[in-house]
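Each residue of the sequence shown is one higher than the last, beginning at 26 in our numbering.
Report on the structure given below.
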Amino acid sequence: MKKSSKTGSFTTYMKRYWQLYVMLLLPMTYLFIFKYLPMEYVQIAFKDYNITKSVWEMPWTSNHGMKYFAQAFSNRDFLYAVRNTLRLNILDLIVGFPVPIIFAIILNELRVPRFKKCVQTIAYMPHFLSWVIISSLALQLFAPSSGLINMVIQNLGGDPVPFLNESNHWMFTYLFIGVWQSFGWNSIVYLAAITGISPELYEAASVDGASRWRKIWHITLPGLKPTIVVLLIMNLGNILGSNFDRPFAMQNNMVMDVANVISTFVYTHGIKGLKFSLTTAVGLFQSVVGVIFLLLANWISRKLGERGIM
């Protein structure tokens with residue numbers, strides 16, 4: 026009787042919610058075809074790549090399959106790329122992570138709807154520009170001699186600032202442009218979280234005589250805390266990852282000591298240098314470290330009383 030009861034309840038459940046599972050079928054099929062099936066090619070990191078053979082026919086490398094991992098960690102360019110990736114991502118996290126939160130709170134406090142929509146639109150627009158366009162704009166603005174910013178500085182009697190051709194200045198420019206490009210779009214999640222906070226809390230605080238700052242500190246920020254924690258965990262999971270287009274479009278030969286990151290190293294050595302086994306090993310190392318950071322951040326958040334992402 027118990028078994029038939031469970032079967033009946035499952036049948037009733039599926040009849041009621043089968044549409045949801047049908048909708049889930051398409052993204053699951055996409056994940057399986059484009060995310061899971063290609064995982065068989067991870068073997069290339071442990072094999073001698075041969076374009077004429079399938080991945081299952083390629084011979085295993087010497088040194089217990091760790092040949093290309095050893096090559097990667099003995100490669101000075103790779104070690105510099107790891108250092109630069111960590112440095113730029115940590116600075117991005119420190120500088121760029123709080124900006125969308127602050128922007129979302131400021132937008133929420135605006136009381137003129139038309140002005141608020143105008144500011145939102147202007148802030149979202151850079152997200153839809155490719156990094157090729159953004160790097161071209163940066164060159165027009167920050168070029169040492171012909172850039173608009175340096176022309177203004179020189180007309181005011183100052184010396185030109187090497188925004189793009191000196192390592193420390195380049196890092197500042199890289200971070201500034203990255204924040205400008207992403208903060209508006211990233212604030213959407215926080216704005217959505219703010220709308221989920223009960224208006225009754227703000228009304229009760231107003232009755233108690235709380236100032237606007239007190240409402241932000243005691244209502245808005247605690248309401249955003251779960252969202253902040255989840256996004257922080259996801260960002261920490263990508264601490265050794267890096268997009269290809271941003272550093273590749275912004276770098277130049279004068280700042281390669283700080284601009285060469287793992288993604289550009291993989292492009293240079295893997296695609297241009299045809300070292301597919303080496304760069305697959307690098308990508309696998311990058312993914313494993315990212316998972317470790319993700320699990321560690323999730324564990325810490327749960328220990329601190331937050332739900333985390335798992």
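Positions of the beta carbon are idealized from the N, C-alpha and C atoms, including for glycine.
Here the structure is a predicted model, which is why all the values come from computation and not from measurement.
Any idea if residue i is buried or exposed, counting beta-carbon neighbours within 10 angstroms, 16 or more meaning buried?
i	result
V286	buried
V80	exposed
K300	buried
G330	exposed
V254	buried
Y74	buried
Y93	buried
A322	buried
I139	Note on residue identity: the sequence assigns Arg, not Ile, to residue 139. Result: exposed.
F57	exposed
A95	exposed
F310	buried
S326	buried
L256	buried
Starting from the C-beta of residue i, find all residues in its chain whose C-beta is less than 7 Å away, skip the five residues before and the five after it, and write them out in chain order.
i	result
F71	W85, T86, G90
F103	A97, F290, V307
P125	F208, N211, S212, Y215
Y149	G209, W210
D117	L200, G203
Could you name the residues that DSSP lists as bridge partners for residue i?
i	result
W381	Residue 381 is absent from the model: the chain starts at 26 and stops at 335.
For residue i and residue j, what's the separation of their Cα atoms in angstroms?
i	j	result
Y38	V47	14 Å
K40	L249	37 Å
P63	M275	30 Å
T77	Y66	14 Å
I159	F269	14 Å
M11	T304	In this structure the chain extends from 26 to 335, so residue 11 is not present and cannot be described.
V214	T293	35 Å
Q165	W205	16 Å
K27	L49	Caution is warranted here: a pLDDT of 48 is assigned to K27, below 50, making its placement in the model unreliable, and the coordinate value is therefore given only provisionally. Cα to Cα, K27 sits roughly 30 Å from L49.
A336	R136	Nothing can be reported for residue 336: it is not among the residues displayed for the chain, which extend from 26 to 335.
F122	E82	46 Å
V144	E134	13 Å
P52	Y42	17 Å
R271	N88	36 Å
L113	Y105	12 Å
F318	V232	44 Å
G298	K328	45 Å
I342	G172	This structure does not reach residue 342, given that the chain is present from 26 up to 335, and the question cannot be answered.
T252	V313	25 Å
N175	D184	8 Å
A163	S170	13 Å
I119	P247	20 Å
R332	L45	25 Å
Could you check if residue i belongs to the surroundings of the ligand MN, using beta carbon to heavy atom distance under 7 Å?
i	result
F103	Ligands displayed in this structure: none; no statement on the ligand MN is therefore possible.
Could you pull out every residue in the same chain whose Cβ sits closer than 8 Å to the Cβ of residue i, ignoring the five residues on either side in sequence?
i	result
G315	G262, N263, I264, L265, G266
Can you confirm whether residue i, when its beta carbon is compared against all beta carbons of chain C, has any partner nearer than 8 Å?
i	result
I131	Looking at the structure shown, chain C is missing, and only one protein chain is on hand.
Once the 5 residues before and after residue i are set aside, which same chain residues still bring their CB inside 6 Å of it?
i	result
F336	An answer regarding residue 336 cannot be provided, because it is not within the stretch 26 to 335 covered by the chain.
S302	I69, Y74, Y93
A168	none
H194	P187, F188
Contact between the region 230-244 and the region 179-187 (3+ Cβ pairs under 8 Å): no
contact_flag[the region 193-204, the region 216-235] where n(CB pairs < 8 Å) is 3 or more: no
The region 34-42 touching the region 249-269, judged by at least three CB pairs closer than 8 Å: no
Cβ contact (3+ pairs, closer than 8 Å) linking the region 276-290 and the region 106-115: yes
Touch test, the region 240-255 against the region 147-159, Cβ-Cβ under 8 Å, three pairs minimum: no
Contact the region 186-195 vs the region 266-281: 3+ CB pairs below 8 Å: yes
At least three beta-carbon pairs within less than 8 Å, the region 124-133 to the region 209-220: yes
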